[in-house]
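Take a look at the structure below.
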Amino acid sequence: MQLQPESRRVTDQPQPSRRDLLSRIGAVAGSSAMYLAMTSLGLAAESQYSGPITLDGDPKGASVLILGAGIAGMVAALELRKAGYTVTVLDYNARPGGRTWTIHGGDTYTELGGETQDCRFAEGLYLNPGPWRIPYHHRGMLDYCKRLGVALEPFIQVNHNAYLHAKNAFDGKPQRYRTVQADFHGAVSDLLAKAVNADTLDHTVSKDDRESLLASLRSFGGLNADYTYKTGPTASARRGYDKPPGGGMGAEPTDSVVTSASDVLKSGLWRALAIAQDYDYQTTLFQPTGGMDMIARAFAREIGDLIRPNTKVTAIRQTNQNVTATWTDPTTGEHGTTTADWCLCTIPLSILSQIDINVAAPMQDAINAVPYAPGMKIGLQFKRRFWEQDDAIYGGISYTDLPITQIAYPNSDYLHDGPGVLLGAYPFGPYAYEFTALPPAERIRKAVEWGAQIHPQYKAEFEHGIAIGWHRVPGALGCYGQWSTEARDKHYKNLCALDGRILLAGEHASYIPAWQEGALLSALDAITRLHARVMSP
Amino acid sequence: MSAVKLALKLAIALLLTPTLALAQQPDGSFSSPFRFGEPTGEAIYQNICAGCHMPDGRGATGAGAYPSLRQNPRLAATDYDIAIITRSQKAMPGFSRTLTERQIADVADYISKTFNTPLPESPK
Ligand SMILES: Cc1cc2nc3c(=O)[nH]c(=O)nc-3n(C[C@H](O)[C@H](O)[C@H](O)COP(=O)(O)OP(=O)(O)OC[C@H]3O[C@@H](n4cnc5c(N)ncnc54)[C@H](O)[C@@H]3O)c2cc1C
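So the sequences go chain by chain: L and Y. Count along the first sequence from 1, then add 5; that gives the number in this note's numbering. For the second sequence, position 70 matches number 65 in this note's numbering, and the numbering has no gaps at all.
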C-alpha cells in the first residue's frame, strides 16, 4: 500500500520559513527539541507529533535489530527501513501487534497457567482486550491510521442514555446518565444561586460579577427564572420526560420528576460524570472499524516481512561493534542468535527486567524500577442487542460500583438484528487482581451475574464470553508500566538514553502510559536520536 | 492521565459509600475497589497472588516468567517475602496501600507454610 508522506497533522503553519527552520531543528536535535521549538513558535500545542519524520542521509546499510512488534517496534521498523536501514524484528507472539490486539470468533487464546479459551463470537463481532479508543489529540496514531488506510469510526465515550449505577443508590436501580447530570448540575446551581441571593458570597463575588454568576448558574443548571431547579419544562428539557412530546392528539409531554438535591448528592452517581471531563476522554475519540488489530494488520502489510514471530528473546549482549539477541522458538524448540549494529528494544519492562542484558547500571536500574498494573476485560456475546432494542443505548459506557466497574456497548453496527458483543467488565486495582486470579469461566460467570443487576436481560440473552486478565497475557505480563513520580524523577531519563548500541522504546518510555500514542512517540524519538548517532562522524 | 488510571480514579470516587466496607463475598473478595477485604492468608493468596504465581504456587512462563514459590530458598529468609509484597520488586507491584500489615504477614505465612513442599509429580 502507498503511504501518504504528504499528509501532515500541523496544517496551520503560516510561513514556510518557519517550517524550514523547524525541520532544521528537528534534523539536528531530535523530536523533543523540535517540539519545544514548535511550542515556542505557537504551533503544535496539542502534540509532540509534527508529521511524518524524515531521517535524512544515507545510513549505508547500517542494521537495526528491533525487539518486539507492538506499536513501538512496528513504527520503528517502518521508518528505519524507509530511511535505508537493514531491519530485523523479533517477537515472542505468533501475531504482530503486541497489546494492539483483537479477539475475533474462531480465535484461541491460552493464558499463563494454561487455561485455553476458544472464542465463539459470531462473524464480525470482537473484543479489544487491550487498547480500544484513540483520542483526537493522539495525532501520531491518527496520522499512521490515515497513512496506512485504517478506517476509523467514532468511539462513544459519553452516552447520555447509558446508565450510572451504585448498589446503594436509588435502591440499586440504574439511573440514566442524562438525569443524573441534569439533577446534579441543577442541584448545585440552585444551591449556589441561593447562597448568592442570600448575600453569603458578597465578600468573594463583586456586585458586577453577581449578575453574571446568576445568569451562568441559570444556564449551567437549567434553572427557572427564579433560579430554582424543580420539576417542570425547563428541567425536563434536560433530564427527559415521563411522557415525551409527540404528534397529533394527546401529544403534550408530561414532565419527569427531579430528584432532590440531597438524594442526588448522597447517591454518589455524580462521580462518574467527571470522567469525560478529562483531556484524554473528551470528544472526539476514535476506534478502528472492525477492531484495534486493524492497525497491527496494516503495519504488518508494510513491514510484516521483517518480523520473525514465535521468537522469545532470552539475552541481549552488546560489544563495541554490535548487539546480539539470543532467542528460542517456543513452538519448534529451535535456538538461535541474531546480530545487528544497533538494537531498539521495545520489550515491556515486566519482561525485560528478567532478561540478561549488558547495559550500564543506570539503564538496568531504570528497567527494574517499574511495576506493572493489573487490568482485566471481559467480552460478552448476547443473542440480541437488547441494550439498543429495549434500553435505547447506542454505544458508550455505563458505570457501576459493582466489581465489573463498567459496561461498554459496541460503537458500530447499530440497529442490527442478531447477536452483539459488549464489554462486560473493565476493572483496575483490586478488582482486576481478583478477577485475574479466577479461572476464565468463573470471571465470566461473575460478570454476567453482576451485569444482570444493571441489565436484567443478561440472564435470558447471554451466549458466550471471553475474559482477559493482563497479568496472565504471556507476551505482556501486565497491563502497563505504573511509574511512580519518584521512580520517574530518578530513572526515566536513564531509561530513554542510548546505552552503547542499545536504545529502549515503548509505552513505558513515555509520559503517556497505557496509550498507544506513548509507544509511538517514544519510538519516533528513539529512532531520531539513533539516526543522529549513526550519522554523526 | 492514563487510560487505566481513569478507572482507578473512578473506583476511588465510587468508594466513598460507607456501606461498601461490607464484603459481599464469603471469602472477602470484591469488597472494595481499592482495598482487599480477604480475611485469611489463604484467601489473600488464592484471590490475588494466584493471578500470577498460580493457585499451586508453581509460577508460570511466557515471554517472561513468574517465579515459582515452591521450595524457593529465598522465601526461607523470613522477611524477604514480606518486604517484596509490601514494596514491590521489578515488575511486581507493591501492596502496601491495598493490604494491611496484618494481611501481608498472613499471606507470607501462608506461602511459606503451604509451598514449602515439592510439587506433586505429574504422571509420566
Ligand atoms: C487493558 C488495556 C487497555 C488499553 N487501552 C488503551 C486505549 O484505549 N488506547 C490506547 O491507545 N492504548 C491503550 N492501551 C495501551 C496500549 O496497549 C499500549 O500503550 C501499547 O500498545 C504498547 O505498545 P508497545 O509497543 O510499547 O508494547 P507491546 O504492544 O506490548 O509490544 C511489545 C512486544 O514485545 C514482545 N515481547 C515481549 N517479550 C518478548 C521477548 N522475550 N522476546 C521477544 N519479544 C517479546 C511482545 O510479544 C509484544 O509484541 C491499553 C492497554 C491495555 C492493556
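Glycine included, C-beta positions come from ideal geometry on N, C-alpha and C.
Exercise. Taking the continuous beta strand (DSSP E) assigned at D494 (chain L), which residues delimit it?
Worked result: Taken as a continuous stretch (DSSP letters only), D494 (chain L) belongs to no beta strand (DSSP E), being part of the alpha helix (DSSP H) at T490 to C501.
For this session: Report buried or exposed for Q326 (chain L), applying the criterion of at least 16 other Cβ atoms within 10 angstroms of its Cβ.
Result: exposed
Exercise. In three-state DSSP terms, what is C124 (chain L)?
Worked result: Under the three-state reduction of DSSP, C124 (chain L) is assigned to coil, being neither helix nor strand.
For this session: Could you name each continuous alpha helix (DSSP H) segment of 4 residues or more that falls completely within the stretch 119 to 203 of chain L, going from the start of the chain to the end?
Result: Annotation note: the stretch 119 to 203 of chain L contains the following uninterrupted alpha helix (DSSP H) runs of length 4 or greater, listed N- to C-terminal: 144 to 152 and 182 to 202.
Exercise. What distance in whole Å lies between the Cβ atoms of P518 (chain L) and G486 (chain L), which are believed to be in contact at a cut-off of 8 Å?
Worked result: 6 Å
Problem set entry | Residue-chain proximity (I3 (chain L), chain Y), Cβ-Cβ < 8 Å | In this structure chain L extends from 6 to 542, so residue 3 (chain L) is not present and cannot be described.
For this session: Please report how far the alpha carbon of L94 (chain Y) lies from the alpha carbon of R223 (chain L), in whole angstroms.
Result: 46 Å
For this session: May I ask you to check if the CB of Q521 (chain L) is nearer than 7 Å to at least one heavy atom of ligand 1?
Result: yes
Exercise. Under 8 Å between C-beta atoms, does I356 (chain L) make it to chain Y?
Worked result: True, the Cβ-Cβ gap to chain Y drops below 8 Å.
For this session: Within the stretch 426 to 514 of chain L, note down every full alpha helix (DSSP H) run reaching 4 residues or more, in order along the chain.
Result: 434 to 441, 445 to 456, 463 to 466 and 490 to 501
Exercise. By the criterion of Cβ-Cβ separation under 7 Å, what are the contact partners of V262 (chain L) in chain Y?
Worked result: Here the premise fails: no neighbours, minimum Cβ distance about 24 Å.
Exercise. For R181 (chain L), is the classification buried or exposed, using 16 other Cβ atoms within 10 angstroms of its Cβ as the cut-off for buried?
Worked result: buried
Exercise. Using a C-beta cutoff of 8 Å, does A18 (chain Y) count as contacting chain L?
Worked result: Residue confidence is low: A18 (chain Y) scores 44 on pLDDT, short of 50, so the model does not pin down where it sits. Its coordinate-derived value is still stated next. The beta carbon of A18 (chain Y) does not come within 8 Å of any beta carbon belonging to chain L, so the residue lies off that interface.
For this session: Please report how far the alpha carbon of V269 (chain L) lies from the alpha carbon of G191 (chain L), in whole angstroms.
Result: 10 Å
Exercise. Would DSSP call W106 (chain L) helix, strand or coil?
Worked result: coil
Exercise. What's the call for K108 (chain Y), buried or exposed, on a 16-neighbour Cβ count within 10 Å?
Worked result: Exposed.
Exercise. Under a CB-based cut-off of 8 Å, is A78 (chain Y) close to chain L?
Worked result: no
Exercise. Going by beta carbon distance, what residues of the same chain come within less than 6 Å of A413 (chain L), once the five residues before and after it are set aside?
Worked result: I402 and L428
Exercise. Do R65 (chain Y) and F31 (chain Y) come within 8 Å of each other at the CB atom, strictly closer than that value?
Worked result: no
For this session: Taking the CB atoms as reference points, tell me whether P136 (chain L) and A58 (chain Y) lie closer together than 8 Å.
Result: No; because the gap between Cβ atoms is not below 8 Å, this pair is not in contact.
Exercise. T109 (chain Y) by DSSP, collapsed to three states: which one?
Worked result: If DSSP states are grouped into helix, strand and coil, T109 (chain Y) belongs with the helices.
Problem set entry | Residue closest to L197 (chain L), alpha-carbon to alpha-carbon, out of L:E158, L:P57 and L:E216 | L:E216
Exercise. Should N98 (chain L) be counted as a contact of ligand 1 given a C-beta to heavy atom distance under 7 Å?
Worked result: Checking every heavy atom of ligand 1 against the Cβ of N98 (chain L), one is found closer than 7 Å.
For this session: Answer with buried or exposed for D460 (chain L), where buried requires no fewer than 16 other C-beta atoms within 10 angstroms of its C-beta.
Result: Looking at the sequence provided, one finds His at residue 460 (chain L) rather than Asp. A residue is called buried once 16 or more other Cβ atoms fall within 10 Å of its Cβ, and H460 (chain L) is buried on that count.
Exercise. Among residues of its own chain, excluding the 5 on either side of F160 (chain L), which ones have a beta-carbon nearer than 6 Å to its beta-carbon?
Worked result: R138, L290, F291, Q292 and N416
For this session: Using the DSSP secondary-structure output, state which residues sit across from G237 (chain L) in a beta bridge.
Result: None, per the DSSP bridge assignment.
Problem set entry | Sufficient close CB pairs (3 or more, under 8 Å) joining the stretch 256 to 272 of chain L to the stretch 236 to 246 of chain L | yes
For this session: Give the secondary structure of I532 (chain L) by DSSP, where H, G and I count as helix, E and B as strand, and everything else as coil.
Result: helix
Exercise. Chain Y partners of G118 (chain L), CB-CB under 7 Å?
Worked result: M49 and A55
Exercise. In chain order, what residues of the same chain lie with their CB nearer than 6 Å to the CB of P367 (chain L), ignoring the 5 residues before and after it?
Worked result: N499
Problem set entry | Within chain Y, partners of H476 (chain L) - CB distance below 7 Å | G46 and C47
Problem set entry | DSSP-derived helix/strand/coil call for H421 (chain L) | coil
For this session: To the nearest angstrom, report how far apart Q287 (chain L) and A279 (chain L) are at their CA atoms.
Result: 11 Å
Problem set entry | Residues of the stretch 320 to 335 of chain L whose Cβ lies closer than 7 Å to any Cβ of chain Y, in chain order | none
Exercise. Going by the C-beta, is K153 (chain Y) closer than 7 Å to any heavy atom of ligand 1?
Worked result: Shown here, chain Y extends from -4 to 119; a query on residue 153 (chain Y) therefore has no answer.
Exercise. Leaving out five residues before and five after P376 (chain L) in sequence, what residues of the same chain have Cβ atoms less than 6 Å from its Cβ?
Worked result: Q487
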